[in-house]
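Using our numbering, you'd call the opening residue of the sequence shown number 19 and step up by one each time.
Here is the structure we will look at.
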Amino acid sequence: MAEETTEQQGTWLTQEAYDRLTEELERRKNVDRKAIAQRVEAARQEGDLRENAGYHAAREEASLNEARIVTLTEMLEHAQVGAAAFDGSVTAGTVVTAKVAGREQTFALGGQEITEDVPEGVKVFSPDAPLGRALMGHRAGETVTYNAPTGKEISAEIIDVKAL
């Protein structure tokens, strides 16, 4: 049986991140979309669309906004929200201190959407990244190895695991 990735399970989000992203989605759909449409229409009224930089910029802004709406909608529909279940092992929603390739570092596992919810100075790594996949399910005191994108085998000793 194949392992599920976080894309299949849904992105884990804190309640705060979920609320923040829901607010962003509503703003993009109900406020930004209308304001951008007005800018597109105003630029269209200026004449020749082939050489109208304002029109092209407004259309690009509209495209980016619509893409973000699609991304947020998909993410929020499949999100796992709330405190991560914590049994002492590494999962999405944990803060891990590990000695990776001889260097001690502390990071959280989850999507970039939780960046505002982690302690200052702590980076967020994806559970689907090579290091994240290697650490998942392991506990403090264990050592795992994984292949970096360069192909080099790297050792990671888990020093501490805490719930976010």
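Ideal placement from N, C-alpha and C gives every residue a C-beta, glycine not left out.
Quiz item: If Pro-145 sits next to Ala-166, beta carbons under 8 Å apart, how far is it from one beta carbon to the other, in whole angstroms?
Solution: About 16 Å; that fails the 8 Å criterion.
Exercise. Have a look at Asp-50 and Met-93 and give me their C-alpha separation to the nearest angstrom.
Key: 19 Å
Quiz item: Buried or exposed: Val-118, going by 16 or more other Cβ atoms within 10 Å of its Cβ?
Solution: buried
Quiz prompt | Pick from Glu-138, Leu-39 and Leu-127 that is closest to Val-179, judged by C-alpha positions | solution = Leu-127
Practice problem: Using the DSSP secondary-structure output, state which residues sit across from Ile-172 in a beta bridge. | Solution: Tyr-164
Practice problem: Kindly identify the DSSP beta-bridge partner or partners of Ser-107. | Solution: Arg-157
Quiz item: Name the DSSP beta bridge partners of Asp-178, please?
Solution: Thr-115
Quiz item: Thinking C-alpha only, which one of Val-140, Gly-106 and Leu-67 is nearest Gly-153?
Solution: Looking at the sequence provided, one finds Leu at residue 153 rather than Gly. Comparing Cα-Cα distances from Leu-153 to each of Val-140, Gly-106 and Leu-67, the minimum goes to Gly-106.
Quiz item: Alpha carbon to alpha carbon, how far is Ile-176 from Phe-125?
Solution: 11 Å
Quiz prompt | Limits of the alpha helix (DSSP H) - the one that Leu-94 falls within | solution = 71-96
Quiz item: Does DSSP put Lys-64 in a helix, in a strand, or in coil?
Solution: The residue asked about is misnamed: residue 64 is Glu in this sequence, not Lys. Residue state, collapsed to three classes: coil.
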